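4 protein chains.
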Amino acid sequence: MPKVVLEYKEEAKRRIVKHAMKLFSERGYYQTRMIDIANSMGVSKGAIYQYFSSKYEILIAVLEAHTTLREQEVRSFLDSGLSSLATGEFFDRMLAIRMSTPPLGPDIFREAARNKSLMEWFRINSEKWLQEFVDLLNEQKKDGVIRSGVDTEPLARGILALRDGLYSSLSLGTDIAKARTAWVEIMRILLKENLDEA
Amino acid sequence: MPKVVLEYKEEAKRRIVKHAMKLFSERGYYQTRMIDIANSMGVSKGAIYQYFSSKYEILIAVLEAHTTLREQEVRSFLDSGLSSLATGEFFDRMLAIRMSTPPLGPDIFREAARNKSLMEWFRINSEKWLQEFVDLLNEQKKDGVIRSGVDTEPLARGILALRDGLYSSLSLGTDIAKARTAWVEIMRILLKENLDEA
Amino acid sequence: MPKVVLEYKEEAKRRIVKHAMKLFSERGYYQTRMIDIANSMGVSKGAIYQYFSSKYEILIAVLEAHTTLREQEVRSFLDSGLSSLATGEFFDRMLAIRMSTPPLGPDIFREAARNKSLMEWFRINSEKWLQEFVDLLNEQKKDGVIRSGVDTEPLARGILALRDGLYSSLSLGTDIAKARTAWVEIMRILLKENLDEA
Amino acid sequence: MPKVVLEYKEEAKRRIVKHAMKLFSERGYYQTRMIDIANSMGVSKGAIYQYFSSKYEILIAVLEAHTTLREQEVRSFLDSGLSSLATGEFFDRMLAIRMSTPPLGPDIFREAARNKSLMEWFRINSEKWLQEFVDLLNEQKKDGVIRSGVDTEPLARGILALRDGLYSSLSLGTDIAKARTAWVEIMRILLKENLDEA
DNA sequence: CATGAATGAGACTTCATTCAT
DNA sequence: TATGAATGAAGTCTCATTCAT
Chain R
330 MPKVVLEYKE EAKRRIVKHA MKLFSERGYY QTRMIDIANS MGVSKGAIYQ
380 YFSSKYEILI AVLEAHTTLR EQEVRSFLDS GLSSLATGEF FDRMLAIRMS
430 TPPLGPDIFR EAARNKSLME WFRINSEKWL QEFVDLLNEQ KKDGVIRSGV
480 DTEPLARGIL ALRDGLYSSL SLGTDIAKAR TAWVEIMRIL LKENLDEA
Chain W
330 MPKVVLEYKE EAKRRIVKHA MKLFSERGYY QTRMIDIANS MGVSKGAIYQ
380 YFSSKYEILI AVLEAHTTLR EQEVRSFLDS GLSSLATGEF FDRMLAIRMS
430 TPPLGPDIFR EAARNKSLME WFRINSEKWL QEFVDLLNEQ KKDGVIRSGV
480 DTEPLARGIL ALRDGLYSSL SLGTDIAKAR TAWVEIMRIL LKENLDEA
Chain H
330 MPKVVLEYKE EAKRRIVKHA MKLFSERGYY QTRMIDIANS MGVSKGAIYQ
380 YFSSKYEILI AVLEAHTTLR EQEVRSFLDS GLSSLATGEF FDRMLAIRMS
430 TPPLGPDIFR EAARNKSLME WFRINSEKWL QEFVDLLNEQ KKDGVIRSGV
480 DTEPLARGIL ALRDGLYSSL SLGTDIAKAR TAWVEIMRIL LKENLDEA
Chain B
330 MPKVVLEYKE EAKRRIVKHA MKLFSERGYY QTRMIDIANS MGVSKGAIYQ
380 YFSSKYEILI AVLEAHTTLR EQEVRSFLDS GLSSLATGEF FDRMLAIRMS
430 TPPLGPDIFR EAARNKSLME WFRINSEKWL QEFVDLLNEQ KKDGVIRSGV
480 DTEPLARGIL ALRDGLYSSL SLGTDIAKAR TAWVEIMRIL LKENLDEA
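Heads up: the sequence lines are chains R, W, H and B, in that order.
Under the working numbering, think of the first position of the first sequence as 330, with each following residue one higher.
Under the working numbering, think of the first position of the second sequence as 330, with each following residue one higher.
Under the working numbering, think of the first position of the third sequence as 330, with each following residue one higher.
Under the working numbering, think of the first position of the fourth sequence as 330, with each following residue one higher.
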């Protein structure tokens with residue numbers, strides 16, 4: 330197949346994945362019909378089957394793309410350094426990135442769990458990201474900014490869990506301002522304990 | 330209708346809700362067929378319609394029951410006092426309670442959102458529980474155990490978000506031991522900052 | 330079985346038939362559920378099965394009872410003599426009788442058509458009644474009241490058809506007063522032609 | 330949407346309505362399953378839902394089409410003039426037209442009664458047709474062919490009721506020849522009274 | 001390549017009938 | 001006998017997928 334056609338196919342798949350991801354995130358996998366994806370793109374149902382052989386294939390592609398997009402979030406987190414972590418601006422910036430790649434519901438992960446290699450890839454990714462965060466904390470520790478008694482791995486895990494917990498509380502009706510304040514307060518305590526206590 | 334019959338009907342509804350809750354939690358609302366609930370109970374699907382006029386009615390009842398059951402968790406949290414909060418035993422006890430009423434996916438909340446009064450009831454419950462937790466922290470603060478500079482509302486919100494974030498990470502494959510350690514470490518820092526800093 | 334019990338059973342069957350006939354006439358056979366009949370009588374579904382082994386058996390009994398009740402109408406028709414036929418009072422009297430045994434829809438006859446002997450009984454009844462009407466007209470003819478050139482059998486058939494056509498137009502919204510006037514006018518012409526033309 | 334597609338959709342709907350009308354008329358609305366309509370057309374049941382969103386929508390369309398087809402019958406009636414009315418040929422011609430659009434049972438009208446505007450359209454149509462017939466009789470009356478003492482509105486109503494009564498007697502087993510004779514005899518009397526009595 | 005009509009498996013729901021109490 | 005909970009066949013409707021144009 331000529332290169333141009335291949336590229337076109339890739340571009341088409343990307344467009345499908347983009348629209349499907351939005352719909353899956355908004356309505357869930359089972360509540361999204363093939364025709365919803367097609368309508369959202371302004372094409373016909375049949376066209377989608379030129380690029381994906383089933384709805385399940387789209388789901389797999391959506392999850393892969395989702396993970397890739399989420400890497401951005403991780404990078405921002407890591408690139409920010411630790412100093413700005415305990416600020417409302419950081420919370421908002423992270424939230425904006427997360428919203429641009431909204432969370433996928435458990436229905437999607439349940440379906441995807443049939444695909445062992447995909448699940449393994451997820452796990453490895455998550456661990457890699459966590460480890461990078463831990464490494465960053467360890468550097469700070471080595472520099473004496475975090476005192477030696479603190480275990481950085483649980484700290485990293487806790488910070489990420491706090492972030493996820495606050496973001497998910499938003500979809501249950503919590504006010505953004507209140508979630509932001511909680512983040513700032515908790516992070517201040519956590520980092521004060523670790524950074525300032527000289 | 331005689332009282333005995335009414336009681337039987339209530340008991341039957343409770344049994345249906347129990348089985349439905351388990352299935353909804355495991356597979357999600359749309360992936361649970363009426364026949365799954367029936368099979369799980371060892372009855373025919375027709376029987377269920379004696380007690381609920383539609384699958385949606387079951388969903389509403391499941392959510393109400395879920396909220397009621399979750400109140401237990403809240404009570405344990407509040408009854409524990411603050412001293413045991415930063416322990417692995419506390420984490421495990423809470424986790425056991427949460428597992429006995431496993432989380433419901435967003436598909437269920439999406440459907441239930443059609444029921445305005447139910448949603449309002451949820452919101453009011455959540456706020457009430459959060460407020461009780463805040464009150465408890467405020468007492469500690471009044472007693473001087475938490476120093477005056479700390480805002481207890483964000484603190485309470487953050488602790489609950491941390492708990493939720495850690496629990497949900499478990500379903501994505503995180504090791505329980507690691508989540509427990511994270512809880513203990515973070516809570517130690519949070520409470521040390523507030524309680525021990527004399 | 331003792332006679333008293335038999336009589337009780339007959340009475341019970343009659344009550345069921347009465348309620349079923351009303352409902353079948355109002356809603357049709359398929360739109361009437363067994364529980365509707367039971368509720369209408371203030372008994373339970375199960376009780377009905379003590380007296381009829383199926384819904385179809387009730388239908389047969391309803392049709393038999395209906396035919397028997399309709400005989401009243403026929404008798405009134407025949408007993409009135411011919412002189413009062415062309416009056417609004419006659420029309421109203423017949424209508425009242427017909428309303429007391431409201432018409433059964435085609436769904437019921439369609440079902441009953443499976444029962445050959447019942448259908449045969451209907452046919453024979455109808456013919457018998459028509460013949461009695463014809464005989465009456467023939468007597469009038471013999472007395473010279475109806476002139477010899479008129480064929481009484483078609484006349485009888487036409488008068489009955491006119492009656493049925495007018496009554497059924499009522500259920501499609503025709504005003505009773507207008508149907509009554511039509512009856513009187515037409516009957517006046519028909520009988521004037523036959524009776525007065527001396 | 331291109332015109333060609335629209336036309337195809339219209340044609341498909343017409344085909345569905347045609348088959349549904351036949352089945353509704355033969356078996357009644359509730360006894361006709363969607364799969365019966367589909368089988369009758371040689372398509373799958375799913376296909377029908379491309380054109381009608383529910384069985385009830387088909388019912389509405391069937392009733393509209395039925396009324397339109399019935400207009401033919403009315404036109405034949407009116408176009409025939411009054412002279413041929415009292416003939417067996419007229420009876421047969423009308424019967425053929427009616428059979429080509431067989432009557433719909435009360436179950437259908439009961440269902441359709443939910444649709445107020447449709448019911449209103451029926452009523453207006455019926456009245457319009459009756460009025461046209463009355464106008465025709467009035468013309469004859471003005472020409473002196475019907476004498477002045479006769480009220481044409483009841484006469485028209487009676488003739489239509491006679492026709493309906495005779496046609497419906499056919500479905501209860503009456504011999505066509507006998508119904509035809511009754512029509513001719515009665516109409517002869519009615520029109521002789523009105524036309525010949527010079 | 002794109003379209004959308006058609007297919008048919010499968011979900012929810014109804015209701016005549018049975019049967020333990 | 002009476003009750004009403006339970007059964008399961010059957011009906012309406014949905015939607016992923018196929019395929020002729």
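We treat Cβ as the ideally placed atom computed from N, Cα and C, and that holds for glycine.
Note that the coordinates shown come from a computational prediction; the quantities given were computed from them, not determined experimentally.
Residues of chain H with a CB under 7 angstroms from the CB of Asp464(B): which are they? For a Cβ distance threshold of 7 angstroms, nothing in chain H lies close to Asp464(B): the least Cβ distance comes to about 17 angstroms.
Using a C-beta to C-beta distance shorter than 8 angstroms, which residues of chain W count as neighbours of Ser412(R)? At a beta-carbon threshold of 8 angstroms, none of the residues of chain W lie near Ser412(R); the nearest stands roughly 18 angstroms away.
Ignore the nearest five residues each way along the sequence and tell me which others in Phe419(W)'s own chain have a CB closer than 7 angstroms to its CB. Ser409 and Ser413
Using a Cβ-Cβ distance cut-off of 9 angstroms, determine whether Trp450(H) contacts chain B. With 9 angstroms as the cut-off, Trp450(H) does not count as an interface residue toward chain B.
Threshold first: 4 residues or longer. Then list the alpha helix (DSSP H) segments lying entirely within the stretch 415 to 481 of chain B, N to C. 417 to 429, 435 to 441 and 445 to 471
Of the residues Ala508(B), Thr396(B) and Ile389(B), the one placed nearest Ser497(B), counting alpha carbons only: Ala508(B)
Check whether chain R comes within 9 angstroms of Ala341(W), counting only Cβ atoms and requiring the distance to be less than that. no
Thr396(R) - DSSP class collapsed to helix/strand/coil: helix
Cβ-based burial, Gln460(R) [other Cβ within 10 Å; buried from 16]: exposed
Ends of the alpha helix (DSSP H) at Asp504(R)? Note, Asp504(R): premise wrong, no alpha helix (DSSP H); not H, not E.
Inspect the CB distances between the stretch 455 to 474 of chain H and the stretch 430 to 439 of chain H and report whether three or more fall short of 8 angstroms. no
Does Lys338(H) pass the burial test, meaning 16 or more other C-beta atoms within 10 Å, or should it be called exposed? exposed
Could you check which residue in Pro431(H), Leu520(H) and Val346(H) has the C-alpha nearest to that of Asp493(H)? Pro431(H)
I need the straight-line Cα distance from Leu495(W) to Trp512(W), nearest angstrom please. 8 angstroms
Can you tell me whether Met350(H) is buried or exposed? The criterion is at least 16 other CB atoms within 10 Å of its CB, across all chains shown. buried
Given a threshold of 16 other Cβ atoms within 10 Å of its Cβ, counted over all protein chains shown, does Arg443(W) qualify as buried or as exposed? Around the CB of Arg443(W), fewer than 16 other CB atoms lie within 10 Å, so the residue is classed as exposed.
Could you confirm whether any beta carbon from chain R is found closer than 9 angstroms to the beta carbon of Gln469(W)? no
If you count every other CB in all the chains shown that lies within 10 Å of the CB of Ser354(R), and 16 or more means buried, which is it? buried
Alpha helix (DSSP H) segment containing Lys374(B), residue limits: Lys374 to Ile377
Taking 9 angstroms as the CB-CB limit, is Val391(W) close to chain R? Closer than 9 angstroms: no.
DSSP three-state label for Ser412(B), please. helix
Quick one: grab the DSSP three-state call for Asp525(W). Here Asp525(W) scores only 49 on pLDDT, less than 50, and its place in the model should not be relied on; the value that follows carries that caveat. It is helical.
Of all Cβ atoms in chain H, is any one closer than 9 angstroms to the Cβ of Gln360(B)? So yes, Gln360(B) belongs to the interface.
May I ask which residues mark the beginning and end of the alpha helix (DSSP H) holding Ser534(R)? Residue coverage of chain R in this structure runs from 330 to 527, which leaves residue 534(R) outside it and unanswerable.
Which residues, taken in chain order from the stretch 497 to 517 of chain W, show a beta carbon closer than 8 angstroms to some beta carbon of chain R? Ser497, Ser498, Ser500, Leu501, Gly502, Thr503, Lys507, Ala508, Thr510, Ala511, Trp512, Val513, Glu514 and Ile515
Taking 9 angstroms as the threshold (C-beta atoms), are Val346(W) and Ala390(W) in contact? yes
Closer than 9 angstroms to chain H by CB, Glu482(B): Chain H places a beta carbon closer than 9 angstroms to that of Glu482(B), counting this residue as a contact.
Could one say the Cβ of Ser455(B) lies closer than 9 angstroms to chain H's Cβ atoms, at least one of them? yes
Cβ atoms of Gly502(R) and Phe451(W): under 9 angstroms apart, would you say? yes
Specify whether the stretch 398 to 409 of chain W and the stretch 475 to 484 of chain W touch according to this definition: at least 3 beta carbon pairs, one from each stretch, less than 8 angstroms apart. no
What would DSSP say about Tyr359(R), mapped onto helix, strand or coil? coil
Please confirm whether Gly487(H) has its beta-carbon closer than 9 angstroms to some beta-carbon of chain B. Interface residue, yes.
What's the gap between the Cα of Ser369(B) and the Cα of Arg362(B)? In a straight line, the C-alpha of Ser369(B) is about 11 angstroms away from that of Arg362(B).
When the cut-off is 9 angstroms and only beta carbons count, does Arg399(H) lie next to chain B? no
Three-way DSSP call (helix, strand, coil) for Gly487(R) in this model: Three-state DSSP puts Gly487(R) in a helix.
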